[in-house]
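This report refers to the structure that appears directly beneath it.
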Amino acid sequence: MATTQLLNGQSGLPVDNSTKSYWHSAPSEKLMGHRTTEQLPHSADVVIVGSGITGAFAAHCLKEQRPELDVVMLEAREACWGATGRNGGHCQPAMYAAKPHIASFELRTFSYIKSIVEEYSIPCDWKTTTGVHAFYSASFFKLVQDVIEKLADNYPDLAANVAVVTKGEGGSPAWLLEHERKELTLEGLRIPEAEGAVVMFNAASLWPYKLVASMLERLLAAEAGGFNLQTKTPATGIQKVEPQHPKWIVHTPRGHIAAKSVLLATNAYTSHLLPQFTDLIVPTRGQVSSLLPPQEPQPGEAPLDIGHTYYILGDATDRPLRRDDYLVQRPPPKAELVLGGGRFLAKDNAVGVWDDGELDEPVKWWLRGELPAAMDLSLRTPEETTTSPVHAAQGENNKQDLEASFEWTGIMGYSRDAAPWVGAVPSSLGGGEGLWVCAGYTGHGMPNAALCAKAVVDMMVGADEVDLPPEYEVTEERVEGARRRDTVRVADARGELEMFAFMD
Numbered sequence: 001m002a003t004t005q006l007l008n009g010q011s012g013l014p015v016d017n018s019t020k021s022y023w024h025s026a027p028s029e030k031l032m033g034h035r036t037t038e039q040l041p042h043s044a045d046v047v048i049v050g051s052g053i054t055g056a057f058a059a060h061c062l063k064e065q066r067p068e069l070d071v072v073m074l075e076a077r078e079a080c081w082g083a084t085g086r087n088g089g090h091c092q093p094a095m096y097a098a099k100p101h102i103a104s105f106e107l108r109t110f111s112y113i114k115s116i117v118e119e120y121s122i123p124c125d126w127k128t129t130t131g132v133h134a135f136y137s138a139s140f141f142k143l144v145q146d147v148i149e150k151l152a153d154n155y156p157d158l159a160a161n162v163a164v165v166t167k168g169e170g171g172s173p174a175w176l177l178e179h180e181r182k183e184l185t186l187e188g189l190r191i192p193e194a195e196g197a198v199v200m201f202n203a204a205s206l207w208p209y210k211l212v213a214s215m216l217e218r219l220l221a222a223e224a225g226g227f228n229l230q231t232k233t234p235a236t237g238i239q240k241v242e243p244q245h246p247k248w249i250v251h252t253p254r255g256h257i258a259a260k261s262v263l264l265a266t267n268a269y270t271s272h273l274l275p276q277f278t279d280l281i282v283p284t285r286g287q288v289s290s291l292l293p294p295q296e297p298q299p300g301e302a303p304l305d306i307g308h309t310y311y312i313l314g315d316a317t318d319r320p321l322r323r324d325d326y327l328v329q330r331p332p333p334k335a336e337l338v339l340g341g342g343r344f345l346a347k348d349n350a351v352g353v354w355d356d357g358e359l360d361e362p363v364k365w366w367l368r369g370e371l372p373a374a375m376d377l378s379l380r381t382p383e384e385t386t387t388s389p390v391h392a393a394q395g396e397n398n399k400q401d402l403e404a405s406f407e408w409t410g411i412m413g414y415s416r417d418a419a420p421w422v423g424a425v426p427s428s429l430g431g432g433e434g435l436w437v438c439a440g441y442t443g444h445g446m447p448n449a450a451l452c453a454k455a456v457v458d459m460m461v462g463a464d465e466v467d468l469p470p471e472y473e474v475t476e477e478r479v480e481g482a483r484r485r486d487t488v489r490v491a492d493a494r495g496e497l498e499m500f501a502f503m504d
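Be aware that the sequence shown starts at 1, since it is given in UniProt numbering, and climbs by one per residue.
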């Protein structure tokens, strides 16, 4: 039934007054306020709760495998108005910062999304590029070098996707073109003050909202039909009823809907519907800004082009250096720098916060000032690199806060054991036959969610094989193991849930 009073740590519903994301500056006219039918249907074969990347890919896979199914998608706000529409705009597998089989899964997810974008010509500004991990802690970088050295010995296929760049030396594989090798120095990568860097050869920037919006529009336009999107229809509770066959009732302010199967693609908000998940998937607020470059090009001069996607990383145990920021750049003419991070400056690292209607002021100012202090943002080409700590053309820009065009927050779902929860919900967590979950990406959803969604659909339709790391599957044993670990708040305070925590 509908939740009337929240437990300590339980998530509430998405708020109505959310901050405005850059990615929502060009919303889909077809999806805004969309309700496929005026009234909420009384029943469906499958109800999907959530319309972000997980919900969209799950619906796509369901209709691809079982086109006869009647699928209803419920969204509390506008379509794709949660974490997917509020993230940093990049997709990057953790090639060395995860167990090898998980790194391979993330690489497959990256390739899967890329193939979908190409197959359906999705206009989401997908740009395949390189990802630069800039380390500003010598001890952290040494740890990374050791990990990559072991990766090269044991998993050369994964290590081939990675290059290490040290001070005074590049890390260029022989197969790179000459001009590309010149870029693979700390100066060429625009991070002259970093202790070192790792370059990933499988990364992308994109407009995530447009990816999801396009997929939902295709589902709605399909001739076969059978897909019904109901926006501004929050799921307030779920209830199992068993007259003869298992069936679920999903309650909303507009009435209720019965279904044989329900998939919770609810990420951070999962515990609102299943309070038993309160200590397993914890809402955590992240913050992102779109920043204007510090210099405007002169007539005939090219605009700033940083050339890569970036992580800017410090030492998780050293507060002054605790950087864990992520960066992409939008195309000209404005060429905004979309930067997320700074969460360590929020109260309690913003763990347990499910309200994306406000900004954290300390984080806001960190994001405005981080890039000029960490990177060379001068207008120059890779051939104009220098070994000076800050490029001379940059001048005083390294001391100036950047101007923001948009500043917003989004709610991530942090998992107690740092892995997504994918599969059938057991009765101990409030589930039973027909209830499924795909959530808890711990801020690393883009290279996981699409194939996690496909995996949960494969489980729902009884596929013989399911492509999913065993650590991701929901089991009673996993629940018990997770609850023996530190809480999300404690583990996150130590930096143990970040992507670069180096899983054993």
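All C-beta atoms, glycine included, are put in the ideal place defined by N, C-alpha and C. On a predicted model such as this, the values are computed, not experimentally measured, just so you know.
Boundaries cannot be given for I122, as no beta strand (DSSP E) includes it and DSSP labels it neither H nor E. Between V198 and V162, the beta carbon gap of about 6 Å places them in contact (Cβ cut-off 8 Å).
The beta-carbon separation of V338 and V328, rounded to 5 Å, stays under the 8 Å limit for a contact. Contact check between the segment 23 to 39 and the segment 368 to 380: fewer than three CB pairs, one atom from each, fall below 8 Å, which does not count as touching.
For Q400, the three-state secondary structure derived from DSSP is coil. Between the alpha carbons of A265 and C452 lies a distance of about 10 Å. For W354, the secondary structure class from DSSP, reduced to helix, strand or coil, is coil. Under the criterion of beta carbons closer than 8 Å, C80 and S51 qualify as touching, at roughly 6 Å.
Under the three-state reduction of DSSP, C80 is assigned to coil, being neither helix nor strand.
The beta carbon of V437 sits closer than 6 Å to those of L264, W421 and V425, all from its chain and outside the five residues before and after it, given in chain order. Between the alpha carbons of K454 and D360 lies a distance of about 35 Å. Checking the DSSP bridge columns, you'll see N17 has no partner listed. As the crow flies, the alpha-carbon of L40 is around 26 Å from that of L6. Distance check between E193 and each of A26, T252 and M375 places M375 closest, using alpha-carbon atoms only. Residue pairing by DSSP places P283 opposite G413 in a beta bridge.
If you ignore the 5 residues before and after G430, its C-beta comes within less than 6 Å of the C-beta of L274 and Q276, all in its own chain and listed in chain order. Counting the other CB atoms within 10 Å of its CB gives Y136 a total of 16 or more, which places it among the buried residues. A contact between stretches requires three or more CB pairs, one per stretch, nearer than 8 Å, and the segment 297 to 308 fails this requirement with the segment 112 to 123. Nearest C-alpha to K232 among A76, L206, K334 and H101: A76. Cβ-Cβ separation between S415 and G440: approximately 4 Å, consistent with a contact (criterion under 8 Å). The continuous beta strand (DSSP E) containing F227 extends over residues F227 to Q230. Looking at the backbone, the Cα of Q10 and that of W248 are separated by about 22 Å.
For W207, there is no enclosing beta strand (DSSP E), as DSSP marks it with neither H nor E. R483 sits exposed, since fewer than 16 C-beta atoms from the chains shown fall within 10 Å of its C-beta.
Taken atom to atom, the span from the alpha-carbon of T109 to that of L158 is near 15 Å. When E496, L74 and G443 are compared, the shortest CA-CA separation from T252 is found for L74.
Apart from sequence neighbours up to five positions away, the residues of its chain that approach D401 with a beta-carbon distance below 8 Å are W365, R368, G369 and P372, ordered along the chain. Contact between G226 and D458 does not hold, since the beta-carbon distance rounds to 19 Å and is not under 8 Å. Look at T487 here: in three-state DSSP terms it is coil, with no helix or strand label.
Counting the other Cβ atoms within 10 Å of the Cβ of N349 gives 16 or more, which makes it buried. Excluding the 5 residues flanking it on each side, S271 has same chain C-beta neighbours closer than 7 Å at Q10, S11, F277, T278 and I281, in chain order. Taking a C-beta distance under 8 Å as the contact criterion, T54 and A419 do not qualify as a contact pair. Take R254, set aside five residues on each side of it, and the residues of its chain with a beta-carbon closer than 7 Å to its own are L40 and T233, in chain order.
Looking only at S43, R485 and Y22, the smallest Cα-Cα distance to A258 is reached by S43. Rounded to the nearest whole angstrom, the C-alpha separation of V479 and G432 is 15 Å.
Bounds of the alpha helix (DSSP H) holding K142 are A138 to N154.
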